[in-house]
Amino acid sequence: MARNFGKIKISDYARLSINPLRKITQEQKIDPNPAKRSITLQLGDPTIFGNFPPPVALISALSNAVVHDKFPYNISYGKFEARQAVAEYSKHQGEISPDDVILSSGCSHALEMTVLTLVQPGENVLIPRPSYNYKTWIDGMKIETKAYNLDPEKSWDIDLVQMESLIDDKTRAIIINNPGNPCGNCFSKEHILEIIALAERRQLPIVADEIYEHFVFPGIEYHSISSLSKNVPVLTCSGLSKRFLVPGIRMGWIIVHDRNGVLDEVKQGLRNVSARILGPNSTVQYALPDILQNTPQRFFVNKMMKISYNADLAYELLSKIPGLKPIKPRGSMYMMIQIELDKFPEFQSCLEFTQQLIREQSVLVFPGHPCFNYPGFMRIVLTVTDGMIKESCRRLKEFCETHAKL
Ligand SMILES: *Cc1c(COP(=O)(O)O)cnc(C)c1O
18 MARNFGKIKI SDYARLSINP LRKITQEQKI DPNPAKRSIT LQLGDPTIFG
68 NFPPPVALIS ALSNAVVHDK FPYNISYGKF EARQAVAEYS KHQGEISPDD
118 VILSSGCSHA LEMTVLTLVQ PGENVLIPRP SYNYKTWIDG MKIETKAYNL
168 DPEKSWDIDL VQMESLIDDK TRAIIINNPG NPCGNCFSKE HILEIIALAE
218 RRQLPIVADE IYEHFVFPGI EYHSISSLSK NVPVLTCSGL SKRFLVPGIR
268 MGWIIVHDRN GVLDEVKQGL RNVSARILGP NSTVQYALPD ILQNTPQRFF
318 VNKMMKISYN ADLAYELLSK IPGLKPIKPR GSMYMMIQIE LDKFPEFQSC
368 LEFTQQLIRE QSVLVFPGHP CFNYPGFMRI VLTVTDGMIK ESCRRLKEFC
418 ETHAKL
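Going by the working numbering, the sequence shown wraps up at 423, each residue one higher than the last.
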């Protein structure tokens with residue numbers, strides 16, 4: 018006799034692995050206004066509109082790799098030539114040997130491997146607020162996150178006093194995202210030195226999410242955290258996704274910046290962890306030296322000029338809208354906009370504001386909460402066309418003028 022199955026249960030690990038951004042784009046079904054063409058300023062994916070194509074050198078490197086790679090299992094933490102190329106490409110971070118590099122399937126995988134190597138269930142790690150969706154892969158491991166505040170009034174610098182007050186005897190690492198998502202922050206050298214001094218005083222390693230390395234607007238200086246750290250060990254995570262405009266390629270890496278041998282075990286731990294899924298895609302590893310060496314500087318310069326143009330344009334247009342307060346970004350590809358909710362009594366939250374914006378104006382943006390743990394704000398992406406920036410700002414103006422009670 019066949020017996021009926023009961024519902025199969027899932028693990029806490031699966032239940033707690035929630036990505037609020039994907040949840041909104043994949044599950045939130047709000048119908049846009051059929052009379053207006055949708056403009057989506059949601060996902061940080063520059064490939065959507067065709068205006069930010071990847072480097073030509075990357076396409077030829079990949080085509081060549083498809084012909085010549087034998088698709089082997091490589092050393093799980095990455096083929097030597099690929100790690101050597103990453104070490105060379107990242108020398109602005111300090112002196113790096115290929116031995117210090119661990120390849121991963123994208124930067125999020127690099128971050129996950131790093132945090133899970135440093136932190137046990139029951140312990141905690143500091144993350145920014147507002148923040149990228151670090152909790153997606155931390156919560157499921159029963160690791161606690163404690164959020165330190167970024168201050169929009171101070172170009173999103175960290176509130177270091179509040180940050181330090183979060184640290185306890187179970188804190189194992191500080192995640193710093195610079196240049197940052199969703200804020201577009203880029204910390205000054207002085208501020209980074211203050212962060213490093215705090216980490217040194219409290220004896221904590223820094224996990225530096227530098228997926229937006231060099232990704233700053235004209236006139237802004239970018240400093241990698243490791244390049245300024247004498248004594249604090251830094252684990253820097255980056256990859257191809259954003260700087261080379263190929264998020265789907267899934268190639269990232271960790272660079273272990275040891276100080277005085279304190280990361281010996283961590284490096285071995287990271288290699289152990291990389292063996293869990295036997296390393297990232299071999300063909301992209303094969304192409305990596307060519308991609309990193311042959312992409313011309315002007316590719317990056319052109320890209321940043323376009324994004325910076327969009328940032329200025331959006332900032333100027335949004336500044337004039339009653340009830341909105343854009344915060345000027347210094348890098349990456351996003352802008353945060355404060356919604357003065359007291360002027361919009363119809364809406365209880367930024368989520369309700371952004372949902373109604375879809376229904377009326379067909380403009381899709383991410384609300385600060387639940388997406389970035391930052392109520393009262395919304396985030397837009399800047400890798401759309403300038404026409405889309407103008408049209409979406411025009412519609413935002415109409416929306417705010419309709420709903421604001423001044
Ligand atoms: C996009 C992004 C990542 C993840 O990059 P992948 O290489 O696509 O995994 C990590 N951190 C931040 C801040 C990002 O914006």
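Positions of the beta carbon are idealized from the N, C-alpha and C atoms, including for glycine.
Item: Given the structure, does histidine 386 come close to ligand 1, in the sense that its CB is under 7 angstroms from one of the ligand's heavy atoms?; Value: no
Item: Report, in whole angstroms, the separation of the C-beta atoms of glycine 296 and leucine 120, which I expect to be a contact under 8 angstroms.; Value: 6 angstroms
Item: Please classify serine 28 as buried or exposed, where buried requires at least 16 other C-beta atoms within 10 Å of its C-beta.; Value: exposed
Item: Quick check on this structure: which residue in Arg219, Ile41, Gln285 and Ile324 has the alpha carbon closest to the alpha carbon of isoleucine 184?; Value: Arg219
Item: Give the range of the alpha helix (DSSP H) segment to which valine 103 is assigned.; Value: 97-106
Item: Do three or more CB pairs link the stretch 140-156 to the stretch 303-315 at distances below 8 angstroms?; Value: no
Item: By DSSP, does glutamate 403 sit in helix, in strand, or in coil?; Value: It is worth fixing the name first, because residue 403 is aspartate in this sequence and not glutamate. Helix, per DSSP.
Item: Can you list, in chain order, every residue whose CB sits closer than 6 angstroms to a heavy atom of ligand 1?; Value: Gly61, Gly123, Cys124, Ser125, Tyr149, Asn194, Asn198, Asp226, Ile228, Gly256, Ser258, Lys259, Pro264 and Gly269
Item: What is the DSSP secondary structure of isoleucine 237, counted as helix, strand or coil?; Value: coil
Item: Quick one: residues in its chain with C-beta nearer than 6 angstroms to the C-beta of tyrosine 332, no 5 flanking neighbours on either side, listed in chain order?; Value: Pro343 and Lys345
Item: Alpha helix (DSSP H) containing proline 37: first to last residue?; Value: 37-44
Item: For aspartate 226, which of Asn289, Ala190, Gly95 and Met322 has the nearest alpha-carbon?; Value: Ala190
Item: Return the bridge partner residues of asparagine 166 from the DSSP annotation.; Value: Arg146
Item: Have a look at lysine 337 and cysteine 388 and give me their C-alpha separation to the nearest angstrom.; Value: 25 angstroms
Item: Suppose contacts are defined by Cβ-Cβ distances below 8 angstroms. Is glycine 111 in contact with serine 205 by that definition?; Value: no
Item: May I have the straight-line CA-CA distance separating alanine 427 from glutamate 282, to the nearest angstrom?; Value: Because the chain in this structure spans residues 18 to 423, residue 427 falls outside the shown range and cannot be described.
Item: Roughly how many angstroms lie between the CA atoms of histidine 126 and valine 301, to the nearest whole one?; Value: 15 angstroms
Item: Report the CB separation of tyrosine 351 from proline 199 in whole angstroms; it is logged as a contact under 8 angstroms.; Value: 5 angstroms
Item: Buried or exposed: valine 318, going by 16 or more other Cβ atoms within 10 Å of its Cβ?; Value: exposed
Item: Which partner residues does tyrosine 391 have in the DSSP bridge list?; Value: DSSP lists no partner for tyrosine 391.
Item: Quick one: using the 10 Å Cβ neighbour count with 16 as the cut-off for buried, is isoleucine 25 buried or exposed?; Value: exposed
Item: On the DSSP letters alone, give me the boundaries of the beta strand (DSSP E) that valine 251 sits inside.; Value: 251-256
Item: Take tyrosine 106 and list the residues in its own chain whose beta-carbon comes closer than 6 angstroms to its own, dropping the five residues that flank it on each side.; Value: Leu309
Item: Bridge partners of tyrosine 351, per DSSP?; Value: Val398
Item: According to DSSP, simplified to helix, strand and coil, what is phenylalanine 364?; Value: coil
Item: Kindly indicate which residue of Ala304, Leu368 and Ala328 has the alpha-carbon position closest to the one of isoleucine 394.; Value: Looking at the sequence provided, one finds phenylalanine at residue 394 rather than isoleucine. Out of Ala304, Leu368 and Ala328, Leu368 has the C-alpha closest to the C-alpha of phenylalanine 394.
Item: Taking only the alpha-carbon atoms, compute the straight-line gap between alanine 164 and glutamate 418 and give it to the nearest angstrom.; Value: 34 angstroms
Item: Which residue from Glu217, Tyr229 and Val132 puts its Cα closest to that of serine 255?; Value: Tyr229
Item: Are the CB atoms of phenylalanine 88 and serine 258 within a distance shorter than 8 angstroms?; Value: no
Item: DSSP on glycine 197, reduced to helix/strand/coil?; Value: coil
Item: Within 10 angstroms of the Cβ of valine 251, are there 16 or more other Cβ atoms? Answer buried if so, exposed if not.; Value: buried
Item: From aspartate 329 to arginine 39, what distance separates their C-alpha atoms?; Value: 28 angstroms
Item: Between which two residues does the alpha helix (DSSP H) harbouring lysine 323 extend?; Value: 314-336
Item: Alpha carbons only, please: which of Phe234, Pro196, Gly197 and Glu181 is nearest the one belonging to leucine 214?; Value: Just to set this straight, residue 214 is alanine in the shown sequence, not leucine. It is Glu181.
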